[in-house]
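Since the structure comes first, as C-alpha cells, the remarks are kept for the end.
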Amino acid sequence: MRKYGLSRLTVVAAVAALALPLGLASAGAADHQQANTPKAASAVPFPGAYISPWGSADVALSPEALQWMEASGITLEAIAPFKMHADGRGFSMPIGSTAGDHLDSQGRIYYPGGLQFHHAASGKTVKLMPTWIRVMPRPGYSAGVEVNGEKIADEVQIGDTNYE
1 MRKYGLSRLT
11 VVAAVAALAL
21 PLGLASAGAA
31 DHQQANTPKA
41 ASAVPFPGAY
51 ISPWGSADVA
61 LSPEALQWME
71 ASGITLEAIA
81 PFKMHADGRG
91 FSMPIGSTAG
101 DHLDSQGRIY
111 YPGGLQFHHA
121 ASGKTVKLMP
131 TWIRVMPRPG
141 YSAGVEVNGE
151 KIADEVQIGD
161 TNYE
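Reading the sequence shown from the start, the letters are residues 1 to 164 in full-length UniProt numbering.
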C-alpha cells in the first residue's frame with residue numbers, strides 16, 4: 001500500500017513537472033535549416049526555446065492534474081522561494097543560477113525551493129527540492145526527493161522531454 005501511495009504521489013509530481021514550461025518563450029520565428037545541415041548543439045538546443053539563468057518561470061497546472069489531485073485528496077504547497085499563484089492553479093519559481101551566467105556542468109539551471117505534495121488519506125508527504133531544469137544533453141526536470149522527512153534521493157529525473 002505504501003508503494004501504491006508513493007507511486008500516485010510520484011505521478012502527481014511528474015504531471016506537475018511535465019507542466020513546466022522549461023523557460024520556453026516565443027522567441028521570434030527563426031529560419032530553420034534543412035535537417036541534413038550540421039548545427040552546433042548550442043545554436044538551436046530546441047526550437048522556440050529561450051533559456052535564462054536568471055528571472056523566474058510561471059507554471060500553470062493542467063485542469064486534469066488539478067482534478068486528479070482534488071479527487072485523490074492531494075494538496076500542493078510551494079516551498080520558498082517558490083510561490084503558489086493566488087488561485088492555487090499554478091506556481092512561480094525563481095531561477096537561482098549557481099553557475100554564473102551559464103548552465104552548470106551537467107547542463108542544468110538550478111531553481112531554489114520546491115514543491116510539497118500531501119496525501120491526506122495516507123498522511124504521506126512528498127517533497128521535491130531542490131529543483132533543476134536540464135537543458136542538455138536531453139531536456140528534463142529533476143529534483144531531490146524526500147518522503148515524510150526521509151531523504152530518498154539527492155536528484156531524480158522526474159520529467160523528460162524529447163524535442164525530436
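Every residue, glycine too, gets a C-beta built ideally from N, C-alpha and C.
Query	Result
Check whether the segment 54 to 73 touches the segment 87 to 94, counting contact only when three or more Cβ pairs, one atom from each stretch, lie closer than 8 Å.	yes
Going by beta-carbon coordinates alone, are K127 and E146 separated by less than 8 Å?	yes
For F82, which residues does DSSP report across the bridge?	Bridge partners of F82: none, in fact.
For the alpha helix (DSSP H) holding residue 169, just list the boundary residues, first then last.	Nothing about residue 169 can be read from this structure; the chain reaches only from 1 to 164.
Is it buried or exposed, R138, if we count other Cβ atoms within 10 angstroms and call 16 or more buried?	exposed
In this structure, does DSSP put R152 in helix, strand or coil?	Here the sequence assigns Ile to residue 152, which means Arg is not the residue at that position. The answer is strand: DSSP assigns I152 an E or B state.
Leaving out five residues before and five after S72 in sequence, what residues of the same chain have Cβ atoms less than 6 Å from its Cβ?	none
Give me the residue from Q116, P81, L61 and L66 with the minimum Cα distance to Y110.	P81
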